[in-house]
Amino acid sequence: MLDLNFVRENLALVEEKLRSRGMDPAAVLKDFREVDTERRRAITEAETRKAPEQSFGRDRQSKEGWPGRERGHRANQRATRTDSGTRKDGDRS
140 MLDLNFVREN
150 LALVEEKLRS
160 RGMDPAAVLK
170 DFREVDTERR
180 RAITEAETRK
190 APEQSFGRDR
200 QSKEGWPGRE
210 RGHRANQRAT
220 RTDSGTRKDG
230 DRS
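Okay, so the sequence shown: first residue is 140 according to my numbering, each after it adds one.
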């Protein structure tokens, strides 16, 4: 199976190799360029539609922060060991 990028960039070579193998490039590739162009347009359109949804989540996180983030950060600070081997909250383990 050939990579779509390879076929797209080397369509003349692919057609030549198909002919050398006794195949009809028109029958094998049919309307490759039109289908590939339509596929790429559809992908771009879908990603453009998803972009506002994804940016909404990023905007909300940057404005509000992650829920419980401060609490988790403080807990991590308490659990971090100091050089003396004791925990910052005074417990030994």
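Even glycine gets a Cβ: it sits at the ideal position worked out from N, Cα and C. The model shown is predicted, which means the values in this text are computed figures rather than measured ones.
Taking 8 angstroms as the threshold (C-beta atoms), are residue j and residue i in contact?
i, j, result
"E154", "L168", "yes"
"D170", "L143", "no"
Measuring CA to CA, which of the options is closest to residue i?
i, options, result
"R172", "R147, M140, L141, D142", "R147"
Next item on the list: Any chance you could list the alpha helix (DSSP H) runs of at least 4 consecutive residues sitting entirely within the stretch 140 to 196, in chain order?
Entry: 143 to 148, 150 to 159, 164 to 168
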